[in-house]
Amino acid sequence: MIATLSRNDIDAALFADETMLVRQLAAQAKLSDADDVRVFAQASKLVEGVRQNRNAQGSIDAFMQEYSLSSQEGVVLMCLAEALLRIPDAATADKLIADKIGGGDWESHLGQSESLFVN
1 MIATLSRNDI
11 DAALFADETM
21 LVRQLAAQAK
31 LSDADDVRVF
41 AQASKLVEGV
51 RQNRNAQGSI
61 DAFMQEYSLS
71 SQEGVVLMCL
81 AEALLRIPDA
91 ATADKLIADK
101 IGGGDWESHL
111 GQSESLFVN
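Following this line, the structure appears as structure tokens:
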């Protein structure tokens with residue numbers, strides 16, 4: 001269980017040695033053997049479910065295959081997704097999307113996948 005930190009604890013960690021702090025936090029984050037088994041079992045079920053439904057309409061796998069990081073459009077989408085996490089308002093997000101999406105060759109991807117989600 002994670003202990004609740006006081007404001008003083010947080011302030012004290014502000015300029016702490018990062019390597020030492022990460023090691024301490026990593027040691028605290030270790031799962032018990034029972035929790036480790038449960039997490040592994042749940043992760044295995046999720047992976048199997050994704051693998052079984054890999055070709056399902058709307059699959060994120062189809063999207064990732066079409067817009068892989070080896071394509072300009074894939075890199076644009078990845079950068080955009082990461083940047084949108086930091087955008088505070090819809091108007092700024094809309095401007096960023098318009099700016100980034102405008103430069104790609106999106107038409108070359110149209111109809112290249114059986115997935116309606118991708119097209």
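The sequence shown begins at 1 in our numbering and counts up by one. The C-beta atom is built at its ideal place from N, Cα and C for all residues, glycine as well. The model shown is predicted, which means the values in this text are computed figures rather than measured ones.
Of the residues assessed, Val22 falls on the exposed side of the cut-off, its CB having fewer than 16 other CB atoms within 10 angstroms. When only Cα atoms are considered, Lys45 and Met78 end up about 27 Å apart.
If you look at Leu80, you'll find it in the alpha helix (DSSP H) that goes Gln72 to Leu84.
Annotated three-state conformation of Asn8 is helix, per DSSP. A residue is called buried when at least 16 other Cβ atoms come within 10 angstroms of its Cβ; Val37 does not meet this threshold and is exposed. For Glu73, same chain residues with a beta-carbon under 8 Å away, outside a window of 5 residues either side, are Tyr67, Gly104, Asp105, Trp106 and His109 in chain order.
For the set Lys100, Leu5 and Glu48, the Cα lying nearest the Cα of Glu82 is the one of Lys100.
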